[in-house]
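Have a look at the structure below before the remarks.
Chains as they are written, first to last, in our numbering: chain C, 1 to 36; chain G, 1001 to 1219.
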């Protein structure tokens, strides 16, 4: 069960990193669109 | 903004619940938890190929290069999720069958699918001229999609396979999922679909920006 919590924590961290990257990328795209 | 919040919460829910609830398949054990990620990845890959085919038809009907961008972005995402499904399936195979690759019908059919869509990108990169590339790629994408239902749904069910096939519906066609499993699996399908559409919209917006930049530099 402990290993399950370890995998869960790692997966959550990976998801957090992907999500933050997605939000930042969206922000950059929006900025570039507004520049046009 | 609201979609991002829903996506973040839903995926978080799926990840937490997938690991704190009992494994969905007691016979297979802990490895069966991959079901909550592997099946939605395969599902989203099929969605990607469907969207690519629809955008390709739209391109042939209307001749707008934006539709070609849509087809390419959807095929790229479909390919990435197909690759993820292959890798997660391969990890499952190592745990349950003691080998990463067994040439099981399910593994072979997904490999064919990857090769077919790999050829789509090779075709695109081999052609010059936006219109010519878009037209040929659209025709290829439509023909490529014809293989998807056979390779994903028909071949693995017709040929004898080690791949579990009663996770969602049993051999009699009855819904075989427990309440807890369904409570995680269906939100996982929604979360992965939402993630696909967020990435798809973003990919199309980037393609439009790139195209505008090229057009401006040519003026």
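Every residue gets a Cβ at the ideal spot worked out from N, C-alpha and C, and that includes glycine.
Predicted model only: the values in this text are computed from it and were never measured.
Contact with chain C by residue i, beta-carbon distance below 8 Å
i: residue 1058 of chain G; result: no
i: residue 1012 of chain G; result: yes
i: residue 1051 of chain G; result: no
i: residue 1112 of chain G; result: no
i: residue 1092 of chain G; result: no
i: residue 1205 of chain G; result: yes
i: residue 1070 of chain G; result: no
i: residue 1028 of chain G; result: no
i: residue 1198 of chain G; result: yes
i: residue 1209 of chain G; result: yes
i: residue 1148 of chain G; result: no
i: residue 1044 of chain G; result: no
C-beta atoms of residue i and residue j nearer than 8 Å
i: residue 1024 of chain G; j: residue 1189 of chain G; result: no
i: residue 1112 of chain G; j: residue 1151 of chain G; result: yes
i: residue 1057 of chain G; j: residue 1142 of chain G; result: yes
i: residue 1162 of chain G; j: residue 1104 of chain G; result: yes
i: residue 1117 of chain G; j: residue 1079 of chain G; result: yes
i: residue 1018 of chain G; j: residue 1214 of chain G; result: no
i: residue 1075 of chain G; j: residue 1052 of chain G; result: yes
i: residue 1065 of chain G; j: residue 1130 of chain G; result: yes
i: residue 1222 of chain G; j: residue 1088 of chain G; result: Only positions 1001 to 1219 of chain G appear in the structure, and residue 1222 of chain G is not among them; the question remains open.
Residue-chain proximity (residue i, chain G), Cβ-Cβ < 8 Å
i: residue 17 of chain C; result: no
i: residue 33 of chain C; result: yes
i: residue 5 of chain C; result: yes
i: residue 2 of chain C; result: no
Where residue i sits in the DSSP three-state scheme
i: residue 1099 of chain G; result: coil
i: residue 1028 of chain G; result: coil
i: residue 1183 of chain G; result: helix
i: residue 1021 of chain G; result: coil
i: residue 1156 of chain G; result: helix
i: residue 1178 of chain G; result: coil
i: residue 1163 of chain G; result: coil
For residue i, the nearest candidate out of the options (CA to CA)
i: residue 1186 of chain G; options: G:1055, G:1002, G:1035; result: G:1035
i: residue 1158 of chain G; options: G:1106, G:1063, G:1073, G:1193; result: G:1106
i: residue 1178 of chain G; options: G:1059, G:1081, G:1026; result: G:1026
i: residue 1046 of chain G; options: G:1147, G:1216, G:1211, G:1215; result: G:1147
i: residue 1005 of chain G; options: G:1198, G:1065, G:1134; result: G:1198
Separation of residue j from residue i, as counted between CA atoms
i: residue 1193 of chain G; j: residue 1044 of chain G; result: 6 Å
i: residue 2 of chain C; j: residue 1101 of chain G; result: 29 Å
i: residue 1090 of chain G; j: residue 1219 of chain G; result: 50 Å
i: residue 1125 of chain G; j: residue 1208 of chain G; result: 18 Å
i: residue 1030 of chain G; j: residue 1181 of chain G; result: 14 Å
i: residue 1037 of chain G; j: residue 1191 of chain G; result: 10 Å
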